[in-house]
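These notes concern the structure reproduced below.
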Amino acid sequence: MNFPLNYRHILFFIFFCVSSLSAQNYNQLVKQKEKLIQESKALTSNLKETQSTQKYTLEALKIVNKQISVKEGILSLLDQEINVLKSQEKQIEKELEVVVVQLQLLKKNYSTLIQKTHHLSLTYNRLLFFFSSKDFNQLLRRFHHLRKMEEDRRKKYKSIQEAKIDIENKKQLLVIKKLEQGKLQKNKKTEIRLLLQTKQSKESTVDVLKNKEDSLLQALSSKELQKKKITNEILSILSKEKSKEDGLTTELKLISSNFASNKGRLPWPTTKGTVITKFGESPHPVLSGITIMNNGIEIATTTNDVRSVFDGEVSKIMILPNGYKVLILRHGEYFSVYSNLYDVNVQKGQKIKTKQTLGSIYNPNSKKRNVLGFQIWKSREKLNPKNWLSSY
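For the sequence shown, my numbering begins at 13 and goes up steadily by one.
Right, here's the structure in full:
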């Protein structure tokens, strides 16, 4: 198969572009997978801590459910990585075919050139070949002709050696791609085994919790009361503000504007964490037929401190019947709510800066961390915090 030079250049350009895109895609997949692996490790740590006092709890079940979701994500990314490597392998094989054909063509051309040079050397003595020239111009032409033949021979020889090296490199690259695929397949088997174990853990937890329906209903009722209390407090703050003639001050209006412009870029209320309960409606993880309305998100974390997501002012500190605290920060017409805090180290009316520590979710008595409840409001409207927080 004889590839014209331009066609070979086009093929090389296509392969180069595809290789670059494939490499970028693969690197992105690896980064996403590593992020999920770290998240899975953090969840495992959260689960061990949660189960240190009681193995089967609703909180543990939420973490297990999140673990399943994360592990399924890891498996999906592993499949995508394997597919990318297979695609790269096929691409290298195609490139190898092209280079092999190029090498055959180079060898053929080199052989022809050697034969011509050899024939010339047998037919003419080099000195006689030059001195038999009719004039000086013919002498120069003959000299340039021989020199060009010699240069062509050297270039073709060099191209042959480069093609041979290229072929060997591509063969080695194929071996590497196959080894990488084998490693990923092994990792995939491990993740499948861990996923099955996690699903079995979920089934065991659900079975135990189903026998505790009364306590689950009581916990659900307590959570609904807590939700109403937070809502009433925010509405109360707004009602008091509405009764004032001046409404929002210039400072609060500026804070509101700045808060709104940072949508999607707010820091998380914990330095590390995973959302285990989403915003909005969701079925109860155990009680069939019951739907839960979440005004915010719940974050499981391996850190103790809770911090402010934006500049603001402490509007309210509430103490729940279980002794834990809820903190409401005001950011103009926006509010951020932090619940399940064991202790709070700020006071009502205090001005707060972004990322300032507000309190802790770690309970030194039980030696465990609470799950952080986090909400964002705009006046009376509940907002999905995930849309406002930046990615870790």
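C-beta: ideal position from N, C-alpha, C; glycine also.
Have a look at residue i and residue j and give me their C-alpha separation to the nearest angstrom.
i	j	result
N396	N307	8 angstroms
K102	K222	52 angstroms
S403	T315	17 angstroms
T282	E236	24 angstroms
L206	S99	28 angstroms
Y122	V110	18 angstroms
L353	Q387	14 angstroms
K176	K43	35 angstroms
T289	K214	16 angstroms
E180	K198	27 angstroms
F291	W400	12 angstroms
Q116	L90	39 angstroms
A272	T56	35 angstroms
L73	V218	7 angstroms
Q173	Q36	31 angstroms
S391	N375	32 angstroms
I9	S320	Because the chain spans 13 through 404 in this model, residue 9 falls outside it and cannot be assessed.
Q40	L196	16 angstroms
L134	K120	Note that L134 has pLDDT 49, beneath the 50 cutoff, so the model's placement of it is unreliable and the number below is only indicative. Straight-line Cα distance between these residues: approximately 21 angstroms.
K337	Y38	45 angstroms
My assumption, with CB atoms under 8 angstroms, is that residue i sits in contact with residue j. Please give the rounded CB distance.
i	j	result
T210	Q79	5 angstroms
N382	G371	Actually they do not touch by this definition, with Cβ atoms about 11 angstroms apart.
L70	Q193	About 41 angstroms; that fails the 8 angstroms criterion.
L87	I204	7 angstroms
L341	I364	6 angstroms
Taking residue i as the reference, which of the options has the closest Cα?
i	options	result
I94	I188, Y346 and Y169	I188
K47	K83, K379 and G344	K83
T62	K380, W400, N399 and K390	K380
V349	N357, K365 and M330	M330
G335	D317, G344, E325 and D355	D355
K224	N399, V298 and Q127	V298
L278	L264, D323 and L384	D323
G285	G385, N37 and Q173	G385
E325	S300, K275 and L264	L264
G361	K275, T262, N377 and I249	I249
Y169	V76, L185 and Q114	Q114
Q127	E105, L339, G276 and R165	R165
G276	K106, K398 and T243	K398
V76	Q66, S64 and S52	S52
Cβ of residue i less than 8 angstroms from any chain C Cβ?
i	result
E51	Absent from the structure is chain C; it holds one protein chain and no more.
Is residue i buried or exposed, if buried means 16 or more other CB atoms sit within 10 Å of its CB?
i	result
S327	buried
E310	buried
H156	exposed
T313	buried
I302	exposed
E393	exposed
K190	exposed
L229	exposed
K201	exposed
E107	buried
If you follow the alpha helix (DSSP H) that residue i is part of, which residue opens it and which one closes it?
i	result
F271	T262 to S273
Got a sec, what are the start and stop residues for the beta strand (DSSP E) residue i sits in?
i	result
F386	L384 to K390
I309	I309 to A312
G292	G292 to P295
R342	K337 to H343
D317	D317 to R319
L353	Y346 to L353
S327	G324 to I331
S372	T369 to S372
I302	Here I302 belongs to no beta strand (DSSP E), and DSSP marks it neither H nor E.
V287	T286 to T289
L395	E393 to L395
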